[in-house]
Amino acid sequence: MNHSMLQQKARDTYAEELKRHQLERDQAAVTEQLLQEGLQASGDAQLRRTRLHKLSARREERVQGFLQALELKRANWLARLGTASA
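Just so you know, the UniProt record's numbering puts 43 at position 43 of the sequence shown, and the rest follows in order with no gaps.
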């Protein structure tokens, strides 16, 4: 394997590890939610999947909102920079 292939493999492995850790954290959060509601943590598998999906979807919405706000802030900054130098 050459250097660039090793780097790509390392990036892929790292990304998979991050995904696995996030899934573990999400599963723990869902378990905590179920326990707080008085439900069995190992109960209804469909309910667990639904909660995991909702948790993931909400996180994705927050990330997208953050990225959109960041892009808007950048665009505004560039616009001000352009008018300031004109």
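Backbone N, C-alpha and C fix where the C-beta goes; we use that ideal spot for every residue, glycine too.
Each of Q64, G65, D26 and A69 was checked against the Cα of R51, and the nearest Cα belongs to D26. Ranked by how close their Cα comes to the Cα of D44, the residues S56, T31 and L18 have T31 in first place.
Distance from the CA atom of L18 to the CA atom of A10, rounded to whole angstroms, is 12 Å.
In the same chain as A29, and ignoring 5 residues on each side of it, the C-beta atoms closer than 7 Å to its own belong to L55, in chain order. Under the three-state reduction of DSSP output, N76 falls in the helix class.
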